[in-house]
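Numbering (the numbering used here), first residue to last: 2 to 398.
Glycine is no exception: its CB is placed at the ideal position from the N, C-alpha and C atoms.
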């Protein structure tokens with residue numbers, strides 16, 4: 002097994018880290034990449050205002066998830082659990098005990114690479130891992146990096162590769178933190194990481210979550226879900242706006258409802274129930290047993306109580322999973338957009354897409370019918386609101 006190790010303070014993790022990680026995984030043909038946030042870096046003090054270790058881990062986990070390579074990229078809190086300074090030579094020995102037969106590659110930028118011989122016990126580190134170094138800026142001295150690689154090979158017998166990134170994101174964490182305090186710099190962050198920073202008011206940000214731009218609202222929503230869900234959320238937004246314009250609804254309300262409709266999708270059953278209790282959401286017996294029914298209700302609560310959305314957006318999100326009798330136009334639009342957005346693929350979706358722009362009630366009815374048939378085929382109970390929605394629409398027909 003070939004494992005990459007990417008250490009650093011990740012304060013915050015930015016697109017430079019992401020670009021280097023993605024390229025290294027391909028160039029080195031890594032089976033796994035471990036991001037390891039440092040607790041106390043030996044070469045510098047953590048600056049004032051540094052988020053708690055848990056927040057740095059959470060942001061790094063978001064970045065790793067957005068590489069979209071599943072369990073191949075993950076975050077280890079190994080150095081955060083260890084007392085004292087975060088020496089890489091200690092870290093590599095711990096990893097060697099955990100993975101005795103692995104081939105390790107330690108990833109680092111040019112600044113760290115050019116001073117590697119000054120690290121704590123560099124020989125011990127280089128005896129256990131190869132080193133893959135990359136330029137952090139376009140002006141980094143590539144010749145000096147190649148010369149350093151030769152010195153390390155000669156002095157320590159080290160395995161060294163100098164990676165030439167096809168794209169370099171020229172930003173340092175120091176400059177980025179200063180930019181964030183000025184209300185700038187978000188373009189150097191993965192949107193989901195930026196959303197996490199806004200949600201937790203890190204790095205001097207003090208966003209009013211009830212008055213966000215659509216871009217920042219997306220970022221906050223994206224920070225709460227897995228990256229694999231983003232394509233669906235983006236497709237639902239696109240379709241909801243298009244349907245709203247077609248049927249004469251407010252496209253901005255449709256947009257915001259779609260952006261937030263799945264924001265609590267990945268909460269655990271326990272967390273879902275806690276939010277329901279917090280916001281006074283009354284559940285029936287089926288909802289208490291079927292966790293997948295709860296994200297629409299808790300998502301609506303977060304939309305209203307955290308992001309300040311009005312009642313009609315709250316209601317559209319609340320009913321987007323089960324539907325209900327006598328749905329409003331906005332509720333029908335979100336229900337339908339969620340069901341047939343461009344990434345959806347299932348038997349009947351093309352007919353649903355056709356009806357969505359010719360007979361919206363018929364589209365919602367078809368969605369209800371397909372949901373009921375699917376649940377019955379899997380021998381799962383159908384929620385009464387879905388049955389009532391279907392029956393109400395049938396009666397109208």
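For residue i, the first and last residue of its enclosing beta strand (DSSP E)
i           : result
residue 107 : 104-110
residue 347 : Neither: residue 347 is in no beta strand (DSSP E) and is coded neither H nor E.
residue 292 : First-last for residue 292: undefined, no H or E at that position.
residue 134 : 131-135
residue 459 : Here the chain comprises residues numbered 2 to 398, so residue 459 is not present and cannot be evaluated.
Endpoints, alpha helix (DSSP H) assigned at residue i
i           : result
residue 352 : 350-357
residue 397 : 385-397
residue 308 : Here residue 308 belongs to no alpha helix (DSSP H), and DSSP marks it neither H nor E.
residue 242 : 231-248
residue 149 : 143-157
residue 63  : 54-66
residue 139 : Counting along the chain, residue 139 falls outside any alpha helix (DSSP H), and DSSP gives it neither H nor E.
residue 254 : 252-261
residue 484 : The structure shown does not extend to residue 484, since the chain is modelled only from 2 through 398, so no value can be given for it.
residue 334 : 330-341
residue 124 : 123-127
residue 82  : 79-82
Simplified DSSP state of residue i, which is helix, strand or coil
i           : result
residue 223 : helix
residue 25  : helix
residue 162 : strand
residue 362 : helix
residue 479 : As displayed, the chain neither begins before 2 nor continues past 398, which places residue 479 out of reach and without an answer.
residue 280 : coil
residue 48  : coil
residue 167 : coil
residue 319 : helix
residue 381 : coil
residue 178 : helix
residue 369 : helix
residue 327 : coil
residue 114 : helix
residue 18  : helix
residue 314 : helix
residue 96  : helix
residue 10  : coil
residue 299 : helix
residue 274 : helix
Residues that residue i bridges to, as DSSP identifies them
i          : result
residue 5  : 34, 106
residue 39 : According to DSSP, residue 39 bridges with nothing at all.
Continuous beta strand (DSSP E) assignments of at least 3 residues falling wholly in the stretch 180-221:
none
Whether or not the stretch 121-137 and the stretch 176-186 are in contact is what I'm after, with contact meaning three or more pairs of Cβ atoms, one per stretch, closer than 8 Å; do they touch?
No, the stretch 176-186 is not in contact with the stretch 121-137.
Taking 8 Å as the cut-off, does the stretch 145-165 touch the stretch 179-194 (at least 3 CB pairs, one atom from each stretch)?
no
Taking 8 Å as the threshold, find out whether the stretch 70-77 comes into contact with the stretch 155-169 through three or more Cβ pairs.
no
Meets three-Cβ-pair contact criterion under 8 Å: the stretch 352-364 and the stretch 295-315
no
Three or more C-beta pairs closer than 8 Å, one from the stretch 86-98 and one from the stretch 111-121: is that the case here?
yes
At least 3 beta-carbon pairs within less than 8 Å: the stretch 48-63 vs the stretch 188-204
Three or more pairs of CB atoms, one per stretch, sit closer than 8 Å, so the stretch 48-63 contacts the stretch 188-204.
Touch test, the stretch 216-224 against the stretch 311-331, Cβ-Cβ under 8 Å, three pairs minimum
no
Is there contact between the stretch 305-314 and the stretch 284-294, where contact requires at least three CB pairs shorter than 8 Å?
Contact fails: fewer than three Cβ-Cβ distances are below 8 Å.
Is the stretch 363-376 touching the stretch 337-350 in the sense that three or more CB pairs, one from each, lie closer than 8 Å?
Enough Cβ pairs lie closer than 8 Å, so yes.
Is there contact here, the stretch 226-238 with the stretch 49-56, by at least three beta-carbon pairs under 8 Å?
no
Cβ contact check for the stretch 257-275 and the stretch 317-337: 3 or more pairs under 8 Å
The stretch 257-275, when compared against the stretch 317-337, does touch it at the 8 Å Cβ threshold.
Does the stretch 10-22 come close enough to the stretch 31-48 that 3 or more CB-CB pairs lie under 8 Å?
Judged by Cβ distances under 8 Å, the stretch 31-48 makes contact with the stretch 10-22, as three or more pairs qualify.
Under 8 Å, with one C-beta from each stretch per pair, do the stretch 16-32 and the stretch 157-170 reach the 3-pair mark?
yes
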